[in-house]
Amino acid sequence: MARAKNRFSQWLAGAVLALNGLIAMAVAVGAPLHGIALHGQPKYGPDFPHFDYVNPNAPKGGEARFAAIGSFDTFNPFNIKGEAADGIGRLFETLLTSSADEPFSEYGLIAESVDVADDRGSATFTIRPQAKFHDGSPITADDVLFSFATLKAKGSPFFRLYYASVAKAEKLGERQVKFVFASGENRELPLIMGQMPVLSKKYWENRDFAATTLDVPVGSGPYRVERFEPGRFIVYQRDVNYWGRDLPVNRGLHNMDRLRYDYYRDVIVALEAFKAGAYDLRLENSAKQWATGYDFPALSKGLVKKETFARQLPAGMQGFAFNLRRPLFQDPRVRQALGYAFDFEWSNRNLFYNQYTRTRSYFDNSELA
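Each residue of the sequence shown is one higher than the one before, counting from 13 in this note's numbering.
Shown next as structure tokens:
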């Protein structure tokens, strides 16, 4: 499995393709909600104690060590400059957060509730009174408005594209913000705004948001940067005073006292470091390495467990795309013949160690396949 790139992993996990007009969002008209779903009702009700897949009594402590490839030169994962440190997203939080056992549902994190208009033309978020940044300052509507304006103007193209459908953001009170949408056609917009990271206006307003920086930013998340050496390693420490530790969406999560990411220049060196016990978990994305690269003493002794997990998420598709502007490919029979000529079974057996399965849909491993 390929590890997701750090830059936007905390805010993209859970985003799925929506077919406007075919999928309805369930909302209660005029009523603040604890959570929203893109289709159907959220699985968890207003008084849920924790997500079903966590151990709410999990012990706290210990250290988890991970490998990262390349280097890092910034602690700002929200713009396109530099390479953000792995794990830096743990410093930041969003208005809502996704559950891992639903296609696309979100529940209150920084926001205690969300009110979606009956015409889906706006979404109003109410901030929890106890929500605060690492410096102790409360999270307010001004921080949310600043985050929206800054990400839209100076953030990566991803933010600019998504927020382009938001006509305006309004402050309704110290703890309440309303996003007005250009139209109600995009049913994802309330959830997209729920995924917006909330930045500290006090920290960022006099800094260059578009630049790279190794100044540790002020966040509100469950971890802080403990120490680092640029390009070599970074260690995060669990914040024992984290404001949101007892929220239902956080119970049973964020259990490690420390998270350490060591950087390696390439994947081969990283694999050898894993064999030597330098870090604890490795996600392999090479069929050859998975088949041939894991014969080492620690595995034979049972000190390392090698397991394959079935993906529960849509897998997307892989295939050949033909340039139809070229006369050679304009005849559909030629394209069909090339498809028949590709021997998937032989390639899978001789090149990929039987690690692949055929792509049978643009939406493989989903209900739409």
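The beta carbon of each residue, even a glycine, is placed where N, CA and C say it ideally should be.
These numbers were taken from a predicted model, which means no experiment stands behind them.
Whether residue i touches residue j by CB criterion (7 Å)
{"i": "residue 121", "j": "residue 136", "result": "no"}
{"i": "residue 324", "j": "residue 371", "result": "no"}
{"i": "residue 84", "j": "residue 75", "result": "no"}
{"i": "residue 256", "j": "residue 66", "result": "no"}
{"i": "residue 248", "j": "residue 226", "result": "no"}
{"i": "residue 77", "j": "residue 258", "result": "no"}
{"i": "residue 171", "j": "residue 184", "result": "no"}
{"i": "residue 131", "j": "residue 196", "result": "yes"}
{"i": "residue 93", "j": "residue 224", "result": "yes"}
{"i": "residue 97", "j": "residue 246", "result": "yes"}
{"i": "residue 345", "j": "residue 334", "result": "no"}
{"i": "residue 317", "j": "residue 306", "result": "no"}
{"i": "residue 378", "j": "residue 309", "result": "no"}
Rounded C-alpha distance that separates residue i from residue j
{"i": "residue 62", "j": "residue 124", "result": "15 Å"}
{"i": "residue 235", "j": "residue 321", "result": "28 Å"}
{"i": "residue 373", "j": "residue 239", "result": "46 Å"}
{"i": "residue 260", "j": "residue 267", "result": "14 Å"}
{"i": "residue 222", "j": "residue 338", "result": "41 Å"}
{"i": "residue 101", "j": "residue 129", "result": "30 Å"}
{"i": "residue 210", "j": "residue 103", "result": "11 Å"}
{"i": "residue 277", "j": "residue 366", "result": "29 Å"}
{"i": "residue 312", "j": "residue 46", "result": "49 Å"}
{"i": "residue 350", "j": "residue 53", "result": "45 Å"}
{"i": "residue 215", "j": "residue 91", "result": "16 Å"}
{"i": "residue 188", "j": "residue 212", "result": "16 Å"}
{"i": "residue 199", "j": "residue 274", "result": "40 Å"}
{"i": "residue 208", "j": "residue 149", "result": "19 Å"}
{"i": "residue 376", "j": "residue 369", "result": "10 Å"}
{"i": "residue 353", "j": "residue 109", "result": "46 Å"}
{"i": "residue 262", "j": "residue 179", "result": "32 Å"}
{"i": "residue 175", "j": "residue 153", "result": "17 Å"}
{"i": "residue 254", "j": "residue 146", "result": "8 Å"}
{"i": "residue 138", "j": "residue 126", "result": "6 Å"}
{"i": "residue 72", "j": "residue 250", "result": "10 Å"}
{"i": "residue 80", "j": "residue 284", "result": "13 Å"}
{"i": "residue 381", "j": "residue 115", "result": "15 Å"}
{"i": "residue 168", "j": "residue 302", "result": "34 Å"}
{"i": "residue 112", "j": "residue 341", "result": "42 Å"}
{"i": "residue 217", "j": "residue 181", "result": "18 Å"}
{"i": "residue 230", "j": "residue 286", "result": "32 Å"}
{"i": "residue 99", "j": "residue 70", "result": "21 Å"}
{"i": "residue 14", "j": "residue 296", "result": "Bear in mind that the predicted position of residue 14 carries a pLDDT of just 37, short of 50, making it too unreliable to give a figure here."}
{"i": "residue 395", "j": "residue 362", "result": "Missing from the structure shown is residue 395; the chain here goes from 13 to 381 and no further."}
{"i": "residue 288", "j": "residue 237", "result": "26 Å"}
{"i": "residue 343", "j": "residue 51", "result": "41 Å"}
{"i": "residue 281", "j": "residue 315", "result": "20 Å"}
{"i": "residue 155", "j": "residue 252", "result": "23 Å"}
{"i": "residue 244", "j": "residue 219", "result": "26 Å"}
{"i": "residue 68", "j": "residue 360", "result": "42 Å"}
{"i": "residue 157", "j": "residue 140", "result": "16 Å"}
{"i": "residue 159", "j": "residue 269", "result": "29 Å"}
{"i": "residue 242", "j": "residue 358", "result": "45 Å"}
Contact test: residue i Cβ vs the ligand FAD heavy atom, cutoff 6 Å
{"i": "residue 160", "result": "Looking at this structure, you won't find the ligand FAD or any other ligand, since it has none at all."}
Residue i, enclosing beta strand (DSSP E) - first and last residue
{"i": "residue 121", "result": "Segment: none, residue 121 is in no beta strand (DSSP E) and carries neither H nor E."}
{"i": "residue 108", "result": "108 to 110"}
{"i": "residue 138", "result": "134 to 139"}
{"i": "residue 47", "result": "47 to 49"}
Integer Cβ distance of residue i from residue j, believed to fall under 8 Å
{"i": "residue 193", "j": "residue 299", "result": "Residue 193 to residue 299, Cβ: 44 Å. No contact."}
{"i": "residue 191", "j": "residue 134", "result": "6 Å"}
{"i": "residue 151", "j": "residue 143", "result": "4 Å"}
{"i": "residue 203", "j": "residue 48", "result": "6 Å"}
{"i": "residue 228", "j": "residue 332", "result": "No, residue 228 and residue 332 are not in contact; Cβ-Cβ is about 46 Å, not under 8 Å."}
{"i": "residue 55", "j": "residue 117", "result": "6 Å"}
Any C-beta of chain E under 7 Å from that of residue i
{"i": "residue 319", "result": "This model lacks chain E altogether; it includes just one protein chain."}
Delimiting residues of the alpha helix (DSSP H) encompassing residue i
{"i": "residue 175", "result": "169 to 175"}
{"i": "residue 303", "result": "299 to 304"}
{"i": "residue 185", "result": "Premise fails: residue 185 lies in the beta strand (DSSP E), 178 to 185, not in any alpha helix (DSSP H)."}
{"i": "residue 77", "result": "Residue 77 -> not in any alpha helix (DSSP H); beta strand (DSSP E) instead, spanning 75 to 81."}
{"i": "residue 356", "result": "356 to 362"}
{"i": "residue 352", "result": "344 to 353"}
{"i": "residue 309", "result": "309 to 312"}
{"i": "residue 154", "result": "153 to 166"}
Length-filtered (4 minimum) alpha helix (DSSP H) runs lying within the region 191 to 253: 201 to 206 and 213 to 216
Every unbroken beta strand (DSSP E) within the region 258 to 295, with a cutoff of 3 residues, ordered by chain: 270 to 276
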